[in-house]
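Residue numbers (the working numbering): 98 to 690.
Every residue, glycine too, gets a C-beta built ideally from N, C-alpha and C.
Quick caveat, the model's predicted, so the values are computed rather than measured.
Let me begin by presenting the structure, written as structure tokens, before commenting on it.
Here is the structure:
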């Protein structure tokens, strides 16, 4: 049964309720929904509150807004835990379906439809038993303790003791993930070799770090007794669990690895991929439609590239141009610190023009830091918008991979800064966190099409902003855009059309200036995390189309700052709901309101 959302206000099908947790969540809701004296507005507010309480039971989700609650433990990703979550989600879905859209305000209707969509997607993910894929290349359960440790806000001995207590649960967490992987082996849901290679490399690096230098201990250095206790815990429990996990993944799991790269090769894999496309793009575009759209974008961007190359005076072939960019030392930093400095300079240059395009900017600043050494091999080029809490004194982070400097071209620095920091991920994330009008579920990072579509739009906006200072930086922007267009072609090619590694690689080799290490890192990501990579371009193209509609309808009255403020005020929305919001805004502007 399909539980993905209908975003036009019609009801969604749901299954039978199950589980004591679900019934407990529903008791209060059923009573007040049946009571005519309670308004629909109160009902939606109560359902949202129930959903927030439900999310707070998941340590990682709760930790986004309340680190103290997250210290209680690690996610329960056993089959039993997933069944409890599914039952609770079904009850919440039924409550939302009983609401009368006509009795809600426009804002409440938007919240209802998005929350119902989000719940539907989560149920479908559980029904797919997707935790059988417990890791997707550089992202996986083995990184979770380190990610949590880097974001700790330890301000007292009680905080420190709570973290040590939580560390005691890591071995259980690893055991549960192994059970998920073993179930994957038993059912034919395994990762292929390129994804396993990245996971093995990360685990080896984590294990090789001396225990005294383990990143999980960083926040405990002010508490010597607890630090010693945690070191002993790593030595006796956590490190052996990591070693055992490495032996399993590099041994029995690798032996069972699927031979095909595409997810369609596993039982039910094509249906799962179709679900992932709906979830990540928040549209009903098929794999075939996305593939065709990607090919069209590759052709368009290639034409723009040819114009930029001609303007530089270069007279060789496209392949010769790429060779020139990949080998000329002027385009590469000579030190890790030097690369960080280039990103910092680009970010400050961008800051100088942001007020012309945005009337509302976040209070929270961001800092630029290198990718942790244990993660840099196989990690993406840069990543922004993570962490930070202005109210608690923490800046946002823009993380840059400073390894393999000969494959980190400087002409891509402005585009990546726009995408990952301002006005891309950092600006979006910080404004979302600072917006008191948004319910918590609208502050999540769930919707790739919105989040990454906006960040890719920010790269394109850089041309209007005058960020790209010469033809090389302009080409760098087009190269990163081509990278995202190739994703649409390659992801669908791998997972639906049976492409092999060499064919997938050619799209990047022949059309982008991406270095070899970046291409291989990206391919491992697409293979291990199907469908997610296509959301970038889908979201960007939808936002561009929304802006074009607004410009056409409003003419000289179109205010670019007001348009951008409107988009960023939404937090997160599926593309259909964002389009409806923009269309209402256009109508209000036309009417002079």
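Excluding five sequence neighbours on each side, which residues of the same chain lie with their C-beta closer than 6 Å to the C-beta of residue i?
i	result
residue 651	686
residue 290	354
residue 411	418
residue 134	Model confidence at residue 134 stands at a pLDDT of 31, short of 50, so the residue's coordinates are unreliable; what they give is reported in the following sentence. Result list for residue 134: empty, nothing under 6 Å.
residue 351	293
Skipping 5 residues on each side, what residues in its chain have a beta carbon closer than 8 Å to that of residue i?
i	result
residue 601	358, 587, 590, 591, 620, 623
residue 282	349, 350, 353
residue 447	511, 514, 515, 518, 519, 520, 559, 562, 564
Which residue comes first and which comes last in the alpha helix (DSSP H) that contains residue i?
i	result
residue 660	657 to 665
residue 227	Residue 227 -> no alpha helix (DSSP H), and no H or E assigned at all.
residue 96	No answer is possible for residue 96: it lies beyond the span of the chain, which begins at 98 and ends at 690.
residue 179	176 to 194
residue 698	Any property of residue 698 remains undetermined from this structure, which presents the chain solely from 98 to 690.
residue 295	290 to 305
residue 337	336 to 345
residue 269	267 to 284
residue 508	Per DSSP, residue 508 belongs to no alpha helix (DSSP H) and is neither H nor E.
residue 564	No alpha helix (DSSP H) holds residue 564; DSSP gives it neither H nor E.
residue 241	241 to 247
residue 530	522 to 530
residue 450	Run containing residue 450: none; DSSP gives neither H nor E here.
residue 321	321 to 330
residue 654	Run containing residue 654: none; DSSP gives neither H nor E here.
residue 389	384 to 409
residue 628	Per DSSP, residue 628 belongs to no alpha helix (DSSP H) and is neither H nor E.
residue 673	672 to 687
residue 200	Careful: residue 200 lies outside any alpha helix (DSSP H) and carries neither H nor E.
residue 308	Note, residue 308: premise wrong, no alpha helix (DSSP H); not H, not E.
residue 145	137 to 153
residue 93	Nothing in the structure corresponds to residue 93, since the chain is present only between 98 and 690.
residue 606	598 to 608
Using beta-carbon positions only, say whether residue i and residue j come within less than 8 Å of one another.
i	j	result
residue 678	residue 665	no
residue 631	residue 557	no
residue 306	residue 473	no
residue 550	residue 522	no
residue 492	residue 464	yes
residue 395	residue 532	no
residue 198	residue 206	yes
residue 527	residue 444	no
residue 332	residue 308	yes
residue 367	residue 312	no
residue 605	residue 402	no
residue 378	residue 635	yes
residue 231	residue 237	yes
residue 504	residue 487	no
residue 647	residue 616	no
residue 271	residue 329	no
residue 637	residue 553	yes
residue 234	residue 595	no
residue 297	residue 343	yes
residue 512	residue 574	yes
residue 327	residue 261	yes
residue 144	residue 193	yes
residue 514	residue 440	yes
residue 437	residue 478	no
residue 529	residue 668	yes
Terminal residues of the continuous beta strand (DSSP E) containing residue i?
i	result
residue 465	463 to 467
Going by DSSP, what residues sit across from residue i in a beta bridge?
i	result
residue 480	496
residue 236	233
residue 486	491
I'd like to know if residue i contacts chain B, where contact means its C-beta is closer than 8 Å to some C-beta of that chain.
i	result
residue 369	Here there is only one protein chain, and chain B is not present.
Suppose the cutoff is 7 Å on Cβ atoms and the five residues either side in sequence are ignored; what does the same chain contact list for residue i look like?
i	result
residue 315	246
residue 161	The predicted position of residue 161 is uncertain, since its pLDDT is 48 and thus under 50; no value can be drawn from it.
residue 361	367, 370, 592, 593
residue 629	377, 545
residue 689	none
residue 555	515, 516, 520, 521
Three CB pairs or more closer than 8 Å across the region 569 to 578 and the region 335 to 349: no
Any 3 or more C-beta pairs closer than 8 Å across the region 493 to 510 and the region 635 to 645: no
Touching by the beta-carbon criterion (3+ pairs, under 8 Å), the region 262 to 280 and the region 295 to 305: no
Stretch-stretch touch, CB-based, cutoff 8 Å, three pairs: the region 208 to 215 with the region 531 to 545: yes
Segment contact flag, the region 492 to 502 with the region 562 to 571, C-beta cutoff 8 Å, min 3 pairs: no
At least 3 beta-carbon pairs within less than 8 Å: the region 178 to 189 vs the region 137 to 152: yes
Cβ pair count under 8 Å reaching 3, the region 243 to 262 against the region 380 to 396: no
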